[in-house]
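First up is the structure itself, then whatever we jot down about it.
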Amino acid sequence: MSNYYDPWAHAIHLFFSRLVQFLLLSLLLGLAVWCGLLHWVFEADWRAVATSTWAMTSITDPRWRVILGQSLAIGVLLSGWLFTWLLGRSRLRRGERHHRGARVIDAQD
Numbered sequence: 010m011s012n013y014y015d016p017w018a019h020a021i022h023l024f025f026s027r028l029v030q031f032l033l034l035s036l037l038l039g040l041a042v043w044c045g046l047l048h049w050v051f052e053a054d055w056r057a058v059a060t061s062t063w064a065m066t067s068i069t070d071p072r073w074r075v076i077l078g079q080s081l082a083i084g085v086l087l088s089g090w091l092f093t094w095l096l097g098r099s100r101l102r103r104g105e106r107h108h109r110g111a112r113v114i115d116a117q118d
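In short: position in the sequence shown from 1, add 9, done, that's my numbering.
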């Protein structure tokens, strides 16, 4: 390995790592909404939730697939909100400064 820093490779790596993080977090939050829905509304225990989620691959009734799809869409929306909120918190406020390597980043008006 050389000491050469490739900013394009770094940007591509960041993009794909954030994309994978977004997809996994969306899937995790969507399945959490699905499990919470089955648990609280239908009072299913956690074993029934796991077996019914696995049984979704062979069910032909579209209502349950729509409910699962809506749960996954809620997970995507929650992930998008979380990423946007974190991005907004990481921006510099007026008058703040920080060091990025040898450079000093200064937030102007």
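Idealized CB from N, CA, C, for every residue including glycine.
Quiz item: Is it true that the stretch 77-86 meets the stretch 34-43, where meeting means three or more beta-carbon pairs spaced less than 8 Å apart?
Solution: yes
Exercise. Return the first residue and the last residue of the alpha helix (DSSP H) that F92 is part of.
Key: Sequence index remark: in the sequence shown, residue 92 carries index 83 (1-based). Its alpha helix (DSSP H) spans residues 71-99.
Quiz prompt | Sub-8 Å separation of S99 and L38 beta-carbons | solution = Here residue 99 corresponds to residue number 90 of the sequence shown, with the count starting at 1. Here residue 38 corresponds to residue number 29 of the sequence shown, with the count starting at 1. Cβ distance not < 8 Å, so S99 and L38 don't count as in contact.
Exercise. Check S67 in the structure and name its three-state DSSP category.
Key: Mapped onto the sequence shown, residue 67 falls at position 58. Coil, per DSSP.
Quiz item: Straight-line CA distance for W90 to D70?
Solution: Taking the first residue of the sequence shown as 1, we reach residue 90 at position 81. Taking the first residue of the sequence shown as 1, we reach residue 70 at position 61. Taking the straight line from one Cα to the other gives about 31 Å.
Quiz item: Anyone know if the C-beta pair for L47 and S61 falls short of 8 Å?
Solution: Position 38 of the sequence shown, counted from the first residue, corresponds to residue 47. Position 52 of the sequence shown, counted from the first residue, corresponds to residue 61. Contact: yes.
Exercise. Can you grab the Cα-Cα spacing for the pair A20 / L33, in whole Å?
Key: Here residue 20 is taken as the residue at index 11 of the sequence shown, counted from 1. Here residue 33 is taken as the residue at index 24 of the sequence shown, counted from 1. If you take the alpha carbons of A20 and L33, they lie about 20 Å apart.
Quiz item: Rounded to a whole number of angstroms, what is the C-alpha to C-alpha distance between R72 and G78?
Solution: Numbered from 1 along the sequence shown, position 63 holds the residue referred to as residue 72. Numbered from 1 along the sequence shown, position 69 holds the residue referred to as residue 78. So the alpha carbons of these two residues sit roughly 10 Å apart.
Quiz item: Looking at the structure shown, is V50 part of a helix, part of a strand, or coil, going by DSSP?
Solution: Here residue 50 is taken as the residue at index 41 of the sequence shown, counted from 1. In the structure shown, V50 sits in coil (DSSP, three-state: anything other than H, G, I, E or B).
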